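According to this note's numbering, the stretch in the sequence shown is residues -7 to 207, in order.
All C-beta atoms, glycine included, are put in the ideal place defined by N, C-alpha and C.
As the structure is a prediction and not an experimental result, all values here were calculated from the model.
Quick notes on the structure that follows.
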Amino acid sequence: MKRDKRVILALDVLDADVAIDLASKLSGYVDAIKIGYPLILSSNLDLLSRISKIAPVIADLKVADIPNTNRLICESVFEAEATGVIAHAFVGEDSLKACRDVAYRFSGELFVVTEMSHPGALQFMAPLAEEMARLAVKVKADGIVAPATRPERIKTLRQIVGGMAIISPGVGAQGGSALDTLNAGADYIIVGRSIYGSSDPLAAMKRLYDEINVI
Ligand code: BMP
-7 MKRDKRVILA LDVLDADVAI DLASKLSGYV DAIKIGYPLI LSSNLDLLSR ISKIAPVIAD
53 LKVADIPNTN RLICESVFEA EATGVIAHAF VGEDSLKACR DVAYRFSGEL FVVTEMSHPG
113 ALQFMAPLAE EMARLAVKVK ADGIVAPATR PERIKTLRQI VGGMAIISPG VGAQGGSALD
173 TLNAGADYII VGRSIYGSSD PLAAMKRLYD EINVI
């Protein structure tokens, strides 16, 4: 993924035509489009392939299984032409390595979840987030997912992952600020509802774009 616009659109809509329309309208403002269970389950992986012709696609399946199952899931999304996949670290090194191996084979990217952006992540994830970031470094992942709702955590996790990409959800609808997130050291913000849920998604994206381009 090219670090240019520094925005990843989370496309959690359920209608394939709406998804294609939004992807087409907004692709010029994003480095990638993240799609996950909501859209993939309401359509199919062919839609992932169609969107990948409009913009690079990160498949957010938060893969979290035994190594063999992780391998099968990652092969499916890379065969469908995803450019990246998101996996959980808490399942351990062998499971994460299985994702990494498939990503390498397809010249794709692996992003590893550390601490999630919602309040519940403080319960189990936050205490282990730094270890999970270290594991992401160890398996030579391409990036980590860190919370835009807690910019100070992005700073801490940056110390651990060095130059590895940090992608950060939680901007907008979850209360995170795009500028604070990027200033804390995230490479990309991930934004969904505050763009696609707006009455004018293109205007909302342009406003976001203007906001972060002062950096
Ligand atoms: P929204 O801007 O509408 O809150 O969307 C954020 C997106 O990022 C959703 O797709 C959500 O599943 C995802 N996400 C998140 O919000 N927090 C995380 O820690 C990890 C995520 O993948």
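Per the Cβ contact rule, the stretch 126 to 145 is in contact with the stretch 64 to 84 (3 or more Cβ pairs under 8 Å). In the three-state scheme derived from DSSP, where H, G and I count as helix and E and B as strand, residue 177 is classed as coil.
For residue 160, the enclosing beta strand (DSSP E) stretches over residues 157 to 161. For residue 146, the secondary structure class from DSSP, reduced to helix, strand or coil, is helix. The three-state secondary structure of residue 83, taken from DSSP, is coil. Checking the 8 Å criterion, the Cβ of residue 52 is within range of a heavy atom belonging to ligand 1. The criterion of a C-beta distance shorter than 9 Å is not satisfied by residue 158 and residue 171.
Cβ-Cβ distances below 6 Å link residue 42 to nothing in the same chain once the five nearest sequence neighbours on each side are left out. Each of 30, 37 and 162 was checked against the Cα of residue 143, and the nearest Cα belongs to 162.
Relative to the non-hydrogen atoms of ligand 1, the Cβ of residue 115 never comes closer than 8 Å to any of them. Bounds of any alpha helix (DSSP H) do not take in residue 140, whose DSSP letter is neither H nor E.
Note: residue 103 is bridge-paired with 78 and 135 in the DSSP secondary-structure output. With 16 or more other Cβ atoms from the protein chains shown falling within 10 Å of its own Cβ, residue 48 counts as buried.
Inter-residue distance for residue 89 and residue 9 is about 35 Å (C-alpha atoms, whole angstroms).
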